[in-house]
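Enquirer: After the structure tokens below, expect a handful of questions from me.
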Amino acid sequence: SAVISQKPSRDICQRGTSLTIQCQVDSQVTMMFWYRQQPGQSLTLIATANQGSEATYESGFVIDKFPISRPNLTFSTLTVSNMSPEDSSIYLCSGQRQGLNEQFFGPGTRLTVL
Amino acid sequence: SQQGEEDPQALSIQEGENATMNCSYKTSINNLQWYRQNSGRGLVHLILIRSNEREKHSGRLRVTLDTSKKSSSLLITASRAADTASYFCATAIIQGAQKLVFGQGTRLTINP
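For the record, the sequence lines run as chains A and B.
Throughout the first sequence, residue numbering follows the numbering used here, covering 44 to 157 in sequence.
Throughout the second sequence, residue numbering follows the numbering used here, covering 176 to 287 in sequence.
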């Protein structure tokens, strides 16, 4: 299985601030994704992180709120901007290898916004 | 919008019993996958079944897929306390990139 790490693992933030989450994957991963999991809910795809270009966002998610970078094949960041308590969630990154359908998930970042 | 609907939302059984979880979806799929999540941590991939397959086994797991009914089931046999977790189905649609749409999940509790 792919090795995927995320940091921070958790954070408590004040309303109006921003938090950047980092995700590192092993070199066999080609596609990377960011998900949000609100308390007690399922996962919702935020965007596909594209290497060297703008991320592809899903309906309901915008770049101004969730800017994503992927400067190289194995690293991506998700920023949660201008946070409000409604942004309190677990944020997960995942990776997918070329030719395979399953995704490997990082351990997640548990964000609490006060 | 979420494509997968799972039932039950919560299931509590005794250790050693079998657990069955169901998933329904709305559109044509390329494959359907099941994942496990322990205590709000990252998800672990369990098993994948392709749209042209009807049943698949992996250890104590058995997955079925009925594309005519747009439904799947996950059976865990001889359950163990360590199987306590949330289980999610996820569908990969045919068109577009390999994106997964997750169901609402089933919270499984195995009582010792």
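We treat Cβ as the ideally placed atom computed from N, Cα and C, and that holds for glycine.
Since the model is a prediction, treat every value here as computed from it, not as a measurement.
Using a Cβ-Cβ cut-off of less than 8 Å, give me the residues of the region 274 to 286 of chain B that come near chain A, in sequence order.
Expert: The residues in question are 274, 275, 276, 277, 278, 279 and 280.
Enquirer: Do the CB positions of residue 135 of chain A and residue 56 of chain A come within less than 9 Å of each other?
Expert: No; because the gap between Cβ atoms is not below 9 Å, this pair is not in contact.
Enquirer: Is residue 185 of chain B close to chain A, meaning its C-beta is less than 9 Å from at least one C-beta of that chain?
Expert: No - not a single Cβ of chain A is within 9 Å of the one on residue 185 of chain B.
Enquirer: Using beta carbons (cut-off 9 Å, strictly below), is residue 137 of chain A in contact with chain B?
Expert: So yes, residue 137 of chain A belongs to the interface.
Enquirer: Enumerate in chain order the residues of its own chain whose CB-to-CB distance from residue 184 of chain B is below 8 Å, with the five nearest sequence positions on each side excluded.
Expert: Hits under 8 Å: 279, 280, 281 and 282.
Enquirer: Could you give the C-beta distance for residue 255 of chain B and residue 285 of chain B, rounded to a whole number, given that I count them as a contact under 8 Å?
Expert: 6 Å between Cβ atoms; contact.
Enquirer: Using a Cβ-Cβ cut-off of less than 7 Å, give me the residues of the region 207 to 218 of chain B that come near chain A, in sequence order.
Expert: Under the 7 Å Cβ criterion, the region 207 to 218 of chain B contributes 208, 215, 216, 217 and 218.
Enquirer: Might you give, ordered along the chain, the residues of its own chain that have their beta carbon closer than 8 Å to the beta carbon of residue 71 of chain A, omitting 5 neighbours on each side?
Expert: 45, 140 and 141, listed in sequence order.
Enquirer: So what's residue 257 of chain B in DSSP terms, helix, strand or just coil?
Expert: It is helical.
Enquirer: Alpha carbon to alpha carbon, what distance is there between residue 85 of chain A and residue 100 of chain A?
Expert: Whole-angstrom Cα-Cα distance: 18 Å.
Enquirer: Enumerated in chain order, which unbroken segments of the beta strand (DSSP E) with a length of 3 residues or greater are wholly contained in the region 204 to 255 of chain B?
Expert: Complete beta strand (DSSP E) runs here, min 3: 204 to 212, 218 to 225, 230 to 233, 236 to 241 and 246 to 251.
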